[in-house]
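>
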Amino acid sequence: MIDRPTDEKVQHPIEESFGKQDDSTEQARRLTAKNQDLTDLYSDLFQKKQTTAETDKIPQSESSAGTTLNKGARKQAAAIPAPQTLEETGLSLVQLCNLVLKQLYLQGSALGIEISRSAHLPFSIIDVSLAFLKDDKCIEVTSGNMIGRSSYRFNLTELGRIRAREAFEQCRYVGPAPVPLEAYVRQCQLQTVVGIECTPERLEESFSEFIIREGLLDELGPAVCSGRSIFIYGPPGNGKTLIAKGLGRFLNRQGGEIHVPYALQMENSIITLFDPTIHQTTDDHELEQRNNTDPKTAGRMPEMKDWV
3 MIDRPTDEKV QHPIEESFGK QDDSTEQARR LTAKNQDLTD LYSDLFQKKQ
53 TTAETDKIPQ SESSAGTTLN KGARKQAAAI PAPQTLEETG LSLVQLCNLV
103 LKQLYLQGSA LGIEISRSAH LPFSIIDVSL AFLKDDKCIE VTSGNMIGRS
153 SYRFNLTELG RIRAREAFEQ CRYVGPAPVP LEAYVRQCQL QTVVGIECTP
203 ERLEESFSEF IIREGLLDEL GPAVCSGRSI FIYGPPGNGK TLIAKGLGRF
253 LNRQGGEIHV PYALQMENSI ITLFDPTIHQ TTDDHELEQR NNTDPKTAGR
303 MPEMKDWV
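Each residue of the sequence shown is one higher than the last, beginning at 3 in our numbering.
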């Protein structure tokens, strides 16, 4: 068992979790030694005024999924690329057809490109479901021109309205195509806080508008560097909300954008995740540009960044 100073003010969360283990076991000694090394690493990192070269020497951290993420890896996380085939969406043809049927049921009729925009998928994928539904006598083409199928106007048939009502009984969600849960989990692993560069100067900048007690940032710094959960507790009025706001501002500045899908597909259930009162969409300008294009060019969308 490694001895620690009794007057130590801040105990690392990892050290706390293992410090109470039975000292008589070999496992407890190994875990304590390992966590002491982590505590020393984070304390040295935050308490010393490091140069840029020294900061770049921060060891790599390993995520819960075993993916190695080095410093700056968090900033490299990009949105999930738009699928180009039905298989890449992770949805079955039946699931996509049900989504199209419900949209047409609510709208009455819609152009092919309008269905594509509502589902936030390339028209080449939506066209697969439209062709299937047309062959199945669920939809019909009421108008169109020579530009292409994306300019056709589709209506539900009587059979299509029956199928749409059946789809509503199973799930009432209508909107952008959901993202498979597995794809969202992978995206969350890429967007973990592990890898965010935390220095005293940058943390102080995020708390510059707040009046805080001396030494508080020295306690928060190692906790942020650990990439683990932080539990803030205390009586009412002691500044818990203020600390949370400061940490949120720091993570927002250092971590960049976090991409979330509009909805998640898990087995036969769809869970809405996007909340316009909290989340911000980044593709309004892009959608406006697409609305001003003709259906022929709009039908060829190599990348739909607004899928998430």
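Beta carbons are placed, not taken as given, at the ideal position from N, Cα and C, and that holds for glycine.
#1: Tell me where the alpha helix (DSSP H) around Thr243 begins and ends.
#2: Which residue spans inside the region 87-147 form an unbroken beta strand (DSSP E) run of at least 3?
#3: Are the beta-carbon atoms belonging to Val328 and Gly229 less than 7 Å from one another?
#4: Which residue marks the beginning of the beta strand (DSSP E) containing Leu158, and which one marks its end?
#5: Can you check whether the CB of Tyr186 is closer than 7 Å to the CB of Cys266?
#6: If you count every other CB in all the chains shown that lies within 10 Å of the CB of Leu143, and 16 or more means buried, which is it?
#7: Keeping to the same chain, check which residues put their C-beta closer than 6 Å to that of Arg251; ignore five residues upstream and five downstream.
#8: If you count every other CB in all the chains shown that lies within 10 Å of the CB of Cys227, and 16 or more means buried, which is it?
#9: Measuring CB atoms only, is the region 234-242 touching the region 130-143, in the sense that at least three cross pairs come out at less than 8 Å?
#10: Looking at the unbroken alpha helix (DSSP H) that takes in Ala185, where does it start and where does it end?
#11: Per the DSSP calculation, Gln282 is bridged to which residue(s)?
#12: Any idea which residues DSSP pairs Ile273 with across the strands?
#13: Give the C-beta separation of Leu108 and Ile198 to the nearest angstrom, bearing in mind that I take them to be a contact with Cβ-Cβ under 8 Å.
#14: Determine the DSSP secondary structure at Pro224, reduced to helix, strand or coil.
#15: Which residues mark the beginning and the end of the alpha helix (DSSP H) in which Arg204 is found?
#16: Tell me whether Lys199 sits in a helix, a strand or coil according to DSSP, three-state version.
Here's the rundown:
#1: Lys242 to Gly257
#2: 111-113 and 141-145
#3: Nothing can be reported for residue 328: it is not among the residues displayed for the chain, which extend from 3 to 310.
#4: Arg155 to Leu158
#5: A small fix is needed here, since residue 266 is Leu in this sequence, not Cys. Yes, they are a contact pair.
#6: Leu is not the amino acid found at residue 143; the sequence shown has Val there. Val143 is exposed by the Cβ-count criterion.
#7: Ser208
#8: buried
#9: no
#10: Leu183 to Leu192
#11: Partner(s): none; Gln282 has no beta bridge.
#12: Leu266
#13: Rounded, the Cβ-Cβ distance is 42 Å, inconsistent with contact.
#14: helix
#15: Pro202 to Ser208
#16: In the sequence as presented, Lys is not what sits at residue 199; that position holds Glu. In the structure shown, Glu199 sits in coil (DSSP, three-state: anything other than H, G, I, E or B).
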